[in-house]
Amino acid sequence: MRPGTSFSSAPLRRRLAACASAVALGAALLAGGGTALADDPGDPAGSAVDVTVNAAEGQGTIPGTAYGLNSAVWDSQMNVPEVQNLLSAANIGMMRYPGGSYGDIYHWQDNTAPGGYVAPGTDFDAFMGTVKKIGAQPILIANYGSGTPQEAADWVRYANITQHYGAKYWEVGNELYGNGHYGSGWETDNHADKSPTAYGTNVVDYATAMKAVDPSVKIGAVLTLPGNWPDGVMGSGETADWNHTVIPLIAGKADFVIVHWYPGGSDAAGMLNTPSQLAGELAQLHDQLNEAGVGDMPIALTELNSNVFEDTQPNALFGADAYLTALQNGVFTVDWWDTHNGPGAISTAPDGATDYNDYGILSSGTCVGTVCEPPLNTPFAPYHAISMLSHLGKPGDQMVDAQSGSQLVSAHAVHRANGDLSVMLINKDPANSQTVALHYAGFTADGSTATVDTFRDQASSIDSTTAADTGSWTVPPYSITTVTVHPKSGTSSALSAPGAPKVTAAGATSATVSWSPSTGGKVDRYEVYRQIDGRSELLATSTGTSATVPNLTPGSTFTWNVLARDSLGRLSRPSDPVTVRTGTPQDAPCKVSYDLTAGWGNGFNANVTVTNTSPNPITGWTLAFSFPSSGESVSGYWNANLSTQGTHVVATPVDWNGNLAANGGNSATFGFTGANSGAYMPPTVFTLNGAVCTTL
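Each residue of the sequence shown is one higher than the one before, counting from 753 in the numbering used here.
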C-alpha cells in the first residue's frame, strides 16, 4: 500500500521487482500404433489464427485453491460487505493474510504490526468471516521475521482447535531472501543469522511446533523463482544459493514451497510476452526440488502481478494468461497482489486509458495530485480478468492443451466436468481484432450454439452471449474471450480418467509408469501418450495398469498422459500429466560435469568439465550441447572456443587443452557466461566427438 491513500499511511508492500460446427479435428479416435491424434487440415479463413485444442493432453485438474488473492491488514475495506460480494462474484477460492511483508511484523494475538499500520476491523477473526462468506480457503503467513515458532503454533491452536476454522495452509514468513543477506533488505528479519541455512533450519522448527498442535496443517517454505533475483546469488563464503540451500533442509519437513513473480518489461508488449517464460521457470524449480528427492512437492505462487500498467487492460490480459500458465504447470494456488493498494505514478496505457500504477484489483478512490481514481471499490481491469477465469473453468474441471499459431493470441482450454469444452482466447493486440479458427483433437463439437463471454478493452463488465458455432471467432482488440462448445452425443467414453501416473523406473533409454485403473465401464486397454506441441504420440499400450516405454532419448524430459480405451474404441479423458526424465548412459566413453557457479537473475556463470573415459586417447575434441530454454545464450567464454547456433553450443579446445588421455587420465575444464531471460536450466545431453557422455 502506498502512502497517502484513504486506508492508511502504511508503506507499499516491500518487494523486489523482478530485474460447428467447428472444423472438427480428430474426432477420429486413435486406432493404434504410433498414430497421432489428427488435426483438421481445413482453415475456414486464410488469415485466421489457428488454435488447436487437444482434449487428450491433460494438464491437471483445477483445484479449489486455484484462483487466489492477497488481503492485507492495512486495508480498511478488506472485510466490508461490498468487497465480500465482489470477491464472491469473482469466485476467489483462496485468500492470503495478513499481507506480504506485513506477515513478518504481524502479531495475530493483538492484531498489531509494529512499524506498520493496521486498520480497524482487519483482525484474524474478521478476515476469516470474509473467507467463510465467500467460500474460500485461507493461506496464512506465520511471522518469521519478528515472531517465534511458539507464536505460530499458538495461532494454529486458536485457528483450528479453538475456532475450528480448518486453516490448512501456512507459510513461514514472506520474502525472507530480502532480509539483507544478499544486500537488498526490505523484509523484517530479527534473527542474528539471516542466511538461507538459518531460514531452512528454522522452518523445520516452525513446522515441528505447528504440526504438534495440528498434524493436518501444511507448512510452506519461501523459495525464489529461477531466473529471478536472488536465484543463483551466493553470500560470502557460501557454495549454494537460496534455493539449493533451503530445499535440502526443508525436504520431508515442509509440505509445499512458495514463490512470487513480478515480471518486468519496459512496455506493455514485452510484459504480455512474459507468461511464456513462466513454464520454463517452474520447470526449473521442479528440477531443483527433484534434485533433493522432493520433486512432487506442491508449489504455491502466492504473489503475482506485473510492473507495467497495473490497473489497466494490459495487466488484465497478463493476469489471465499468467494464472492459467502457472496452474497448467502444477501450481496449486495463484494469489494476485492484491485487493486494494493505492495509486502511484500516473501514466497512459497503450489503449489510451489512465493507469494509476495501482496493484490492487479494486480502486482505493484516492488521488495523485489532481488525478483521482474511480470511486472506492470500483473494479479495475485485473478484477474482471480474474472473474473471467471461472468462465473458462471451475474447480474439478480439467485443463487441457491449447496451442496458438500467433504470439498475439494466447490460448487456454478446459474440458468441463459436464463434457463441455471452453477455450480462452487472449488478444494482445491493442488496435486490431483477430480472427481465430478453433480446431479440436480428442473432442468432437456438436455444432450447436456456443456460449461466448468477453471482457473488452476499457469495459466495466463481462459480456455474455450465445452465437452459432462456426468454428471461426473474431476476438476484439485487447480482449479476453471464452468460447464454450458442447460435445457431440455418443463421442465421449463413460470411462473415468486413469489415476495420475507415477514413474516407477527410469534409465537412459526407457521408463516405466504405473497408474490406478479407470472406472465406469470395461477397459479394453490403456494407452500412454507423449505430449508434443499439441499432438499426442502413442508410445505404449497395456492391458494392466503399468507400461514400459523403450527407445527414449537419453537425458531428456517428457510429459506423458495415460488414457483408457473402452470396448467401443472410445478414449477416456486423459490422466493428469506425469513428467518423465531419462538419464544418460553410465557406461559412456566420456563424462561431463556442468556446474553453475554464479547467477544474478538475467545472467549466470557455468563451468564444464569433460573427461575421456574410453581406452583410446583423444587429440582434438568437440563437445556439443543445447540449452533447454530458448531464453539462454552464451555471452562470453574462457579456456575453450564456443560457437552457437540458436540454443545449440559447440565447444572446441584452445591450444593447450586439446588432448584428453584415455581412461580418465586427465580432464579439460572451460567456462562461460550465459545470458538468460527467464529459466536457465542446465543442458542434459553432451556429446564428445559425437558420442553421448555420462552427465554428472
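We put the beta carbon where it would ideally sit given N, CA and C, even for glycine.
Evaluate residue i with the Cβ neighbour count: other Cβ atoms within 10 Å of its Cβ, from every protein chain shown; 16 or more gives buried, anything less gives exposed.
| i | result |
| --- | --- |
| Trp981 | buried |
| Glu834 | exposed |
| Lys884 | exposed |
| Val1275 | buried |
| Ile1284 | exposed |
| Ala1443 | exposed |
| His1400 | exposed |
| Pro1367 | exposed |
| Trp1088 | buried |
| Leu1320 | exposed |
| Ile913 | exposed |
| Trp1267 | buried |
Grab me the residues of residue i's own chain with a C-beta within less than 6 Å of its C-beta, minus the 5 sequence neighbours each way, in chain order.
| i | result |
| --- | --- |
| Thr1309 | Arg1333 |
| Ala904 | Ala894, Tyr958, Met962 |
| Thr1293 | Arg1277, Glu1279 |
| Asn1067 | Ser1058, Phe1061, Pro1134 |
| Tyr921 | Ile891, Lys970 |
| Arg766 | Any answer about Arg766 is weak, because its pLDDT of 35 lies below 50 and its placement is not dependable; what the coordinates show is given next. Excluding residues within five positions, the ones whose Cβ falls inside 6 Å are Ser853, Trp938. |
Between residue i and the rest of its own chain, which residues show a CB-CB distance below 7 Å, the 5 nearest in sequence each way excluded?
| i | result |
| --- | --- |
| Arg1168 | Gly1145, Asp1149, Ser1174 |
| Ala1031 | Thr1077, Asn1081 |
| Asn995 | Leu975, Thr976, Asp983, Gln1040 |
| Ala1003 | Ala1044, Gly1045, Val1046 |
| Pro1131 | Leu838, Ile1113, Leu1114 |
| Val985 | Tyr934, Asp993, Gly1351, Trp1352 |
Classify residue i as helix, strand or coil using the three-state DSSP reduction.
| i | result |
| --- | --- |
| Ile1113 | coil |
| Arg909 | helix |
| Lys884 | helix |
| Ile1138 | helix |
| Lys920 | coil |
| Phe1356 | strand |
| Ala904 | helix |
| Leu1173 | strand |
| Gly930 | helix |
| Glu1125 | coil |
| Thr1077 | helix |
| Tyr869 | coil |
| Leu1024 | helix |
| Asn954 | helix |
| Leu1089 | Reading off the sequence, residue 1089 comes out as Trp, not Leu. Coil at Trp1089, not helix or strand. |
| Asp877 | helix |
| Asn1059 | coil |
| Glu1384 | strand |
| Trp981 | coil |
| His1143 | helix |
| Ser840 | helix |
Assuming residue i contacts residue j under a Cβ cut-off of 8 Å, what Cβ separation, rounded to an integer in Å, is found between them?
| i | j | result |
| --- | --- | --- |
| Ala1133 | Thr1077 | Actually they are not in contact, since the Cβ atoms of Ala1133 and Thr1077 sit about 19 Å apart, beyond 8 Å. |
| Thr1100 | Asp1107 | 7 Å |
| Ser1156 | Val805 | Not confirmed; about 10 Å, so no contact. |
| His1012 | Glu1062 | About 15 Å; that fails the 8 Å criterion. |
| Asn1393 | Gly1423 | The Cβ separation is near 13 Å, so there is no contact. |
| Glu809 | Asp1153 | 4 Å |
| Thr997 | Gly952 | 6 Å |
| Leu1448 | Cys1342 | Incorrect: roughly 11 Å between the Cβ atoms, too far for contact. |
| Asp1215 | Ala1197 | With a Cβ gap of about 22 Å, Asp1215 and Ala1197 do not count as contacting. |
| Ala919 | Val1086 | 19 Å between Cβ atoms; not a contact. |
| Ala1340 | Leu1348 | Between Leu1348 and Ala1340 the Cβ distance is about 22 Å, and since that is not below 8 Å, they are no contact. |
| Pro1050 | Phe1008 | 4 Å |
Quickly, what does DSSP pair residue i with across the bridge? List them, please.
| i | result |
| --- | --- |
| Met847 | Leu821, Pro890 |
| Asp1318 | Val1275 |
| Ile1010 | Val974, Ala1052 |
| Arg1282 | Glu1289, Trp1312 |
| Tyr1192 | Val805 |
| His1400 | Ser1378, Gln1397 |
| Pro1131 | Leu1114 |
| Leu1323 | Arg1317 |
| Ile1178 | Ser1162, Ile1232 |
| Ser1270 | DSSP, once it has assigned bridges, lists no residue as partnering Ser1270. |
| Thr1206 | Asp1215, Thr1233 |
| Arg1168 | According to DSSP, Arg1168 bridges with nothing at all. |
| Met1151 | Val1166 |
| Ser1248 | Note: Ser1248 sits in no beta bridge, so no partner. |
For residue i, decide whether its Cβ has a neighbour in chain D, counting only Cβ atoms nearer than 7 Å.
| i | result |
| --- | --- |
| Gly1335 | Here there is only one protein chain, and chain D is not present. |
Residues in its own chain within less than 8 Å of residue i by CB, not counting five upstream and five downstream?
| i | result |
| --- | --- |
| Asp1318 | Ser1245, Ala1246, Leu1247, Gly1273, Lys1274, Val1275, Asp1276, Ser1324 |
| Met1140 | Ala1072, Met1176, Asp1205, Phe1207, Ile1214, Ile1232, Thr1234 |
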